[in-house]
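Residue numbers (full-length UniProt numbering): 1 to 118.
The C-beta atom is built at its ideal place from N, Cα and C for all residues, glycine as well.
Listed below in structure tokens is the structure:
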């Protein structure tokens, strides 16, 4: 069984080398309450808010702060500026897709730079 513990931080992971993970101590980020839960594994998501505040006066952002890119591209509303990964992907939000869009942005940037030389 998998449970999602919203608004929580992991204070401690309990267990040992022979048993592995046996429990976790969680702290509720709203109430401050701590509690121990039994578990045999942990998957942590460390936030899904894009860190894009410094771009809000320049780049077009959606209503939750992700950089908007042109369809089928990593191009933004500013020529020569490309966005990828956790600041651009508001659907999948996974490391593997961030790496993939990072590669796409690198190729888009390289092609843009080549066009500037002509």
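Extent of the continuous alpha helix (DSSP H) run through residue i
{"i": "residue 113", "result": "95 to 117"}
Supposed close pair residue i, residue j - CB separation, criterion 8 Å
{"i": "residue 87", "j": "residue 64", "result": "Contact doesn't hold; Cβ gap of about 11 Å is too wide."}
{"i": "residue 3", "j": "residue 29", "result": "Not really, about 17 Å apart at Cβ, beyond 8 Å."}
{"i": "residue 69", "j": "residue 61", "result": "Not a contact, Cβ separation roughly 11 Å."}
Extent of the continuous beta strand (DSSP E) run through residue i
{"i": "residue 8", "result": "8 to 16"}
{"i": "residue 22", "result": "20 to 28"}
Neighbourhood of residue i by C-beta distance below 7 Å, restricted to the same chain and skipping five residues each side
{"i": "residue 37", "result": "23, 24, 26"}
{"i": "residue 96", "result": "none"}
{"i": "residue 108", "result": "73, 74, 75, 82"}
{"i": "residue 44", "result": "10"}
{"i": "residue 80", "result": "112"}
{"i": "residue 35", "result": "26"}
Contacts around residue i, its chain only, beta-carbon distance under 8 Å, and the 5 residues preceding and following it disregarded
{"i": "residue 21", "result": "13, 14, 15, 39, 40, 41, 42"}
{"i": "residue 115", "result": "none"}
{"i": "residue 48", "result": "93"}
{"i": "residue 89", "result": "66, 97, 98, 101"}
Cβ-based neighbour list, residue i, same chain, cut-off 6 Å, excluding 5 preceding and 5 following
{"i": "residue 77", "result": "60"}
{"i": "residue 105", "result": "74, 82, 84"}
query = Can you list the beta strand (DSSP E) stretches of 3 or more residues lying completely in the stretch 32 to 86, in chain order?
reply = Qualifying beta strand (DSSP E) stretches, in chain order: 34 to 38.
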